[in-house]
């Protein structure tokens, strides 16, 4: 007698991580279209400008950590923005191997043009929520972010624990 294997099918669209990913991709795509049309920037370039407008001068690694991008992605975006004269780079006085990145006057102007666009988009997006719903959503996002961080730390710990010791 043969037993037919029936794979377990779980609808991906019910997974919270999948739903958040879909929402994030839609939000990013909408912002991308807006930024490309209005400022000729990618989302990645815009996030670099936002970070540096509030934390400059800083390193590519610090930007990558904040924006949750790979260092290579940030390095490419920074190079493109330097080429467009929106950013400048100078050697770090404490560590000659690192560079400190900051906005130029033109970069600051582009940032200041983009902020109202971002705020208007956020207002349009959140207009569907009551103030109470928005507050609850923000609190829920904070809780889920903390939990996701804890789960990641646990997974990394387990991975390190199971890795065979170097000989």
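Residue numbers (the working numbering): 1 to 167. Every residue gets a Cβ at the ideal spot worked out from N, C-alpha and C, and that includes glycine.
Quiz item: Which parts of the region 96 to 129 are runs of the alpha helix (DSSP H), unbroken and 4 residues or longer, counting only runs that do not cross its ends?
Solution: For the region 96 to 129, the continuous alpha helix (DSSP H) assignments of 4+ residues that do not extend past its boundaries occur at 105 to 126, in sequence order.
Practice problem: Confirm the yes/no value for this check: CB of residue 41, any heavy atom of the ligand MN, distance under 7 Å. | Solution: For the ligand MN, the structure offers nothing, since it holds no ligand at all.
Quiz item: On the three-state DSSP scale, how would you describe residue 89?
Solution: The count along the chain shown starts at 1 and reaches residue 89 at position 89. Under the three-state reduction of DSSP output, residue 89 falls in the strand class.
Quiz prompt | Contact between the region 90 to 105 and the region 48 to 56 (3+ Cβ pairs under 8 Å) | solution = Three or more pairs of CB atoms, one per stretch, sit closer than 8 Å, so the region 90 to 105 contacts the region 48 to 56.
Practice problem: For the alpha helix (DSSP H) holding residue 51, just list the boundary residues, first then last. | Solution: Stepping through the chain shown from its first residue, residue 51 is reached at position 51. 43 to 55 is the span of the alpha helix (DSSP H), which, as asked, contains residue 51.
Quiz item: To the nearest whole angstrom, what separates the beta carbons of residue 29 and residue 77, a pair I think is in contact under 8 Å?
Solution: Stepping through the chain shown from its first residue, residue 29 is reached at position 29. Stepping through the chain shown from its first residue, residue 77 is reached at position 77. Wrong, their Cβ atoms sit about 18 Å apart, outside the cutoff.
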